[in-house]
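So the structure is just underneath, and the comments pick up after that.
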Amino acid sequence: MGSIDRYIFRTTLASFAVVLVSLTGVIWITQALRGIDLMTSQGQTIITFLGITGLVIPALVLIIAPIALMIAVSHTLNKLATDSEIIVMNAAGFSPFRLFRPFFYATCVVAAMVAFIGAYLAPDGMRRIKQWDAEITADVLTNILQPGRFAQLDQNLTIRIRERLPGGVLGGIFVDDRRDPKERVTIIADHGTVLKNENGSYLVLEDGNLERFEAGKRDPALVAFGRYAFDMSKFSSQRDVTLGIRERYLWELIWPAADDPTFDQLSGQFRAELHDRFMAPIYPFAFAALTFAFLGAPRTTRQSRNFSIGGSVLAVLGLRMAGFACSVMAVKSSLAVGAQYLMLLAGIGVGLWMIIGGVVVEPPAGLIEAINKSNARLARLFGRPATA
3 MGSIDRYIFR
13 TTLASFAVVL
23 VSLTGVIWIT
33 QALRGIDLMT
43 SQGQTIITFL
53 GITGLVIPAL
63 VLIIAPIALM
73 IAVSHTLNKL
83 ATDSEIIVMN
93 AAGFSPFRLF
103 RPFFYATCVV
113 AAMVAFIGAY
123 LAPDGMRRIK
133 QWDAEITADV
143 LTNILQPGRF
153 AQLDQNLTIR
163 IRERLPGGVL
173 GGIFVDDRRD
183 PKERVTIIAD
193 HGTVLKNENG
203 SYLVLEDGNL
213 ERFEAGKRDP
223 ALVAFGRYAF
233 DMSKFSSQRD
243 VTLGIRERYL
253 WELIWPAADD
263 PTFDQLSGQF
273 RAELHDRFMA
283 PIYPFAFAAL
293 TFAFLGAPRT
303 TRQSRNFSIG
313 GSVLAVLGLR
323 MAGFACSVMA
333 VKSSLAVGAQ
343 YLMLLAGIGV
353 GLWMIIGGVV
363 VEPPAGLIEA
373 INKSNARLAR
383 LFGRPATA
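Under the numbering used here, the letters of the sequence shown match residues 3 to 390, in that order.
Next up, the structure:
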């Protein structure tokens, strides 16, 4: 790449990174707020909360990256036009198609990133979320035990905690164990923590009293303890995790297992998801070509670019909405998959045709005249002289 190409390439990718991080951060916050109950009702730490909610970021980037590229291309072209750099490069012999080359290089970088995220990173994050959620759901100490409530874990076992303290500490623990018909055990502890190892899950109680009332005896046995481990392994068994379609890697969609029951039941959704992964890296090329086609033609600083900006936004939005519609229809019809490929290729083809042909998108003369007349009426209405 020459110095001009490197300048445009760096500017485009820098703008893309800023827009991508900003949009992803805003959308991630809205998604993360839905999981705030991990810390409130289930007593998880901030690390667990950030870990689970952060794993959804690759899936968000997969959708946001083409849109961020469109905004970055628009910003770079607007910057070049504002500084009259497009006019100078055009006068120096740069055709619109030649000027599109550094934007194409930047699009290749974005497409490669999207392909990697769609093939591995996004499904890996989704399956980690599912496995992590299964562990939390299977853990009775975080899912069932709620502060201030008596939880009956078994027919003759009741546990209550007063509050959850920072660091995963449980305060004010009461245990009433009547599972053994020969004795009844009641435990009251000041606080406790959860201990998990290869032997199982334990509720480690500290600074408390244990009262054991054996059948046939008149008085109970009372023991004060500093540390006591209560076995909870029976109630913390890990359940099997069934991976959905979005949690499958790309190669698992291409070559599903012969005995996969999910594929037998949802073959249409497998097909739709597989082709969505294939088409994800194509969207950046379509968006970049259409955006450049509307905004890349040389214009003077006196010529308005608002109509072209609006046209590029509508073209990209229409293409993306049509893609979502085809993805939904592809579950039941394979023809929708072909229509989506043709739609993307048509978008790229139309964009390249406009770039090579030097087509300048301008509003119709009738529309400009109507806008001028409307401005004149508004000026007269507010008592100001109309300007030409």
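Built from N, CA and C at the ideal position, the CB exists for glycine as well.
Does DSSP put residue i in a helix, in a strand, or in coil?
{"i": "A117", "result": "helix"}
{"i": "F18", "result": "helix"}
{"i": "V171", "result": "strand"}
{"i": "R250", "result": "coil"}
{"i": "G320", "result": "helix"}
{"i": "T389", "result": "Below a pLDDT of 50, predicted positions are generally treated as unreliable, and T389, at 48, falls in that range; no measurement from the model is reported."}
{"i": "F384", "result": "coil"}
{"i": "Q154", "result": "strand"}
{"i": "N211", "result": "strand"}
{"i": "K184", "result": "coil"}
{"i": "D178", "result": "strand"}
{"i": "L79", "result": "helix"}
{"i": "S310", "result": "helix"}
{"i": "A378", "result": "helix"}
{"i": "T244", "result": "coil"}
{"i": "D266", "result": "helix"}
{"i": "F11", "result": "helix"}
{"i": "R229", "result": "strand"}
{"i": "D85", "result": "coil"}
{"i": "N199", "result": "strand"}
Within this structure, are the beta carbons of residue i and residue j separated by less than 7 Å?
{"i": "I119", "j": "L57", "result": "no"}
{"i": "G173", "j": "H193", "result": "yes"}
{"i": "R220", "j": "V187", "result": "no"}
{"i": "P98", "j": "G360", "result": "yes"}
{"i": "L62", "j": "T26", "result": "yes"}
{"i": "I189", "j": "L212", "result": "yes"}
{"i": "G349", "j": "A288", "result": "yes"}
{"i": "A74", "j": "F18", "result": "yes"}
{"i": "N158", "j": "R181", "result": "yes"}
{"i": "V116", "j": "P283", "result": "yes"}
{"i": "W395", "j": "I59", "result": "There is no way to answer for residue 395, as the model of the chain reaches only from 3 to 390."}
{"i": "S2", "j": "V352", "result": "Residue 2 cannot be examined here, being either before or after the span of the chain that is shown, 3 to 390."}
{"i": "P149", "j": "E249", "result": "no"}
{"i": "I358", "j": "F102", "result": "no"}
{"i": "G270", "j": "V333", "result": "yes"}
{"i": "D290", "j": "L354", "result": "Rather than Asp, the amino acid found at residue 290 in this sequence is Ala. It is not a contact, given that the beta carbons lie outside the stated cut-off."}
{"i": "A113", "j": "P286", "result": "yes"}
{"i": "P104", "j": "D7", "result": "yes"}
{"i": "T55", "j": "A83", "result": "no"}
{"i": "I397", "j": "L207", "result": "This structure does not reach residue 397, given that the chain is present from 3 up to 390, and the question cannot be answered."}
Please work out which residues of its chain come closer than 8 Å, Cβ to Cβ, to residue i, disregarding the five sequence neighbours upstream and downstream, and give them in chain order.
{"i": "L79", "result": "I88, T293, F294, L297 and G298"}
{"i": "R151", "result": "R162"}
{"i": "L255", "result": "I247, F272, E275, L276 and R279"}
Which same chain residues end up closer than 7 Å to residue i when comparing Cβ atoms and leaving out the 5 residues on each side of it in sequence?
{"i": "Y204", "result": "L197, A231, F232, D233 and M234"}
{"i": "A217", "result": "K184 and E185"}
{"i": "L224", "result": "N211 and E213"}
{"i": "L15", "result": "A108 and V111"}
{"i": "P300", "result": "I88, I89 and N92"}
{"i": "L268", "result": "I247"}
For residue i, which residues of its own chain have a beta-carbon under 6 Å away from its beta-carbon, when the five flanking residues on both sides are left out?
{"i": "T177", "result": "Correcting the residue identity first, residue 177 is Val in this sequence and not Thr. Excluding positions up to five away in sequence, the list reads I161 and I189."}
{"i": "D209", "result": "D192"}
{"i": "A226", "result": "N211"}
{"i": "T13", "result": "T78"}
Please check if any C-beta of chain C sits within less than 7 Å of the C-beta of residue i.
{"i": "I131", "result": "Structure shown: chain C not included; a single protein chain is present."}
message: Does the region 323-334 come into contact with the region 272-291, if we say contact requires no fewer than three beta-carbon pairs (one atom in each stretch) closer than 8 Å?
response: Three or more beta-carbon pairs separated by less than 8 Å link the region 323-334 to the region 272-291, which places the two stretches in contact.
- request: Identify every run of the alpha helix (DSSP H) within the region 340-365, keeping only runs that are complete inside it and at least 4 residues long; order them along the chain.
  value: If only uninterrupted alpha helix (DSSP H) runs of at least 4 residues are considered, none is enclosed by the region 340-365.
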